[in-house]
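The structure under discussion appears below in the form of structure tokens.
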């Protein structure tokens with residue numbers, strides 16, 4: 126079946142109202158294929174701002190949320206709060222949440238369950254570290270992470286699975302198109318065997334890890350790569366090219382503010 130191409134931009138902890146406003150104006154003006162679903166992951170403090178300024182054709186995601194609706198959890202935000210800002214998506218299980226902030230598979234699974242029960246779409250991230258790839262246990266790691274997510278999903282139409290090899294995030298290294306396709310194909314086979322054939326054919330599996338304008342077209346041509354989750358490049362001019370990697374010729378018509386290139390040069 127045809128799966129709609131999905132491109133997420135993860136702004137991480139970058140930007141302010143001025144610079145993000147300029148970025149948003151550029152995205153609103155860009156020529157974006159109607160065959161692509163685009164979602165921008167804004168810092169939580171700017172979710173309301175991003176949703177009010179971005180064109181309705183572009184979705185907004187929170188970069189994290191907690192596993193309950195409210196309570197004494199200082200610094201956290203809930204799916205209910207995210208929805209109250211008019212935001213429809215959340216990114217969960219990102220490698221930085223796992224490896225910088227110590228989130229366990231179990232906690233990520235609980236967050237996925239609550240976010241979906243609350244009506245949010247979930248971009249669920251999985252991926253192996255460099256030592257795990259070198260040890261030949263990539264499949265073991267990503268299957269274990271996927272199982273915890275799958276155990277907490279009832280409606281797969283609200284889930285996008287993002288494969289992000291940790292060794293390729295913010296390093297400038299990118300999995301080759303063949304490496305990405307191999308893992309995406311094996312993930313789809315795992316879902317077919319452990320969830321259902323229907324879900325395996327319909328769920329979108331996107332790639333993340335130093336995706337750029339230079340690498341996106343060949344990655345997008347792979348059979349089981351259904352889009353991207355983009356970090357630093359989502360703050361640069363090439364994000365429009367990445368969005369249109371599968372459907373339009375590269376577009377360099379729009380100029381992003383200078384800060385965006387400088388601020389993410391080291392990401």
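Residue numbers (this note's numbering): 126 to 392. Just so it is clear, CB atoms sit at the ideal spot from N, CA and C, and this is done for glycine as well.
Please state if the CB of residue j and the CB of residue i are separated by a distance shorter than 8 Å.
| i | j | result |
| --- | --- | --- |
| residue 193 | residue 167 | no |
| residue 355 | residue 134 | yes |
| residue 164 | residue 157 | no |
| residue 213 | residue 245 | yes |
| residue 336 | residue 367 | yes |
| residue 317 | residue 305 | no |
| residue 274 | residue 237 | yes |
| residue 280 | residue 241 | yes |
| residue 340 | residue 299 | yes |
| residue 357 | residue 293 | no |
| residue 291 | residue 224 | yes |
| residue 208 | residue 243 | yes |
According to DSSP, residue i sits in a beta bridge with which residue or residues?
| i | result |
| --- | --- |
| residue 330 | 286 |
| residue 162 | 131 |
| residue 275 | DSSP output for residue 275 lists no bridge partner at all. |
| residue 295 | Answer is none; residue 295 lacks a bridge partner. |
| residue 354 | 133 and 333 |
| residue 184 | 164 |
Go through its chain and collect everything with a Cβ distance to residue i's Cβ below 8 Å, but skip five positions before and after it.
| i | result |
| --- | --- |
| residue 379 | In this prediction, residue 379 has a pLDDT of 44, which is less than 50 and means its spatial position is unreliable; what the coordinates show is noted afterwards. So the qualifying residues of the chain are 151, 154, 155, 362 and 365. |
| residue 142 | 171 and 174 |
| residue 372 | 130, 158, 160 and 161 |
Quick one: what's got a C-beta closer than 6 Å to residue i's C-beta in the same chain, skipping five residues either side?
| i | result |
| --- | --- |
| residue 393 | Not covered by the structure: residue 393. The range shown for the chain is 126 to 392. |
| residue 315 | 268 |
| residue 250 | 218, 219, 287 and 289 |
| residue 263 | 253 |
Should residue i be counted as a contact of the ligand MN given a C-beta to heavy atom distance under 7 Å?
| i | result |
| --- | --- |
| residue 330 | Ligands are entirely absent from the displayed structure, and the ligand MN is therefore not among its contents. |
Excluding sequence positions up to five away, which residues of its chain have a Cβ less than 7 Å from the Cβ of residue i?
| i | result |
| --- | --- |
| residue 128 | 327, 329 and 351 |
| residue 222 | 189 and 228 |
| residue 384 | Confidence is the limiting factor: at residue 384 the pLDDT is only 47, short of 50, which leaves the residue's position unreliable, though a coordinate-based value still follows. For residue 384, where only same-chain residues beyond five positions count, the Cβ hits under 7 Å are 144. |
| residue 176 | 185, 210, 211 and 212 |
| residue 297 | 335 |
| residue 391 | Model confidence at residue 391 stands at a pLDDT of 40, short of 50, so the residue's coordinates are unreliable; what they give is reported in the following sentence. Once the five neighbours on either side are set aside, residue 391 has no close Cβ partner at all. |
| residue 136 | 165, 166, 167, 168, 359 and 360 |
| residue 146 | 178 |
### Message
Any contact between the region 206 to 218 and the region 253 to 260? By contact I mean 3 or more CB pairs, one from each, below 8 Å.
### Response
No, the region 206 to 218 is not in contact with the region 253 to 260.
### Query
What are the uninterrupted segments assigned as alpha helix (DSSP H) that are 4 or more residues long and contained completely in the region 193 to 272, given in chain order?
204 to 209, 220 to 224, 230 to 242 and 255 to 259
### Task
Give a yes or no on contact between the region 276 to 296 and the region 196 to 206, applying the rule of three or more CB pairs nearer than 8 Å.
The answer is no - the region 196 to 206 does not touch the region 276 to 296, with fewer than three Cβ pairs under 8 Å.
### Query
Below 8 Å, can you find three or more Cβ-Cβ pairs linking the region 343 to 355 to the region 231 to 242?
no
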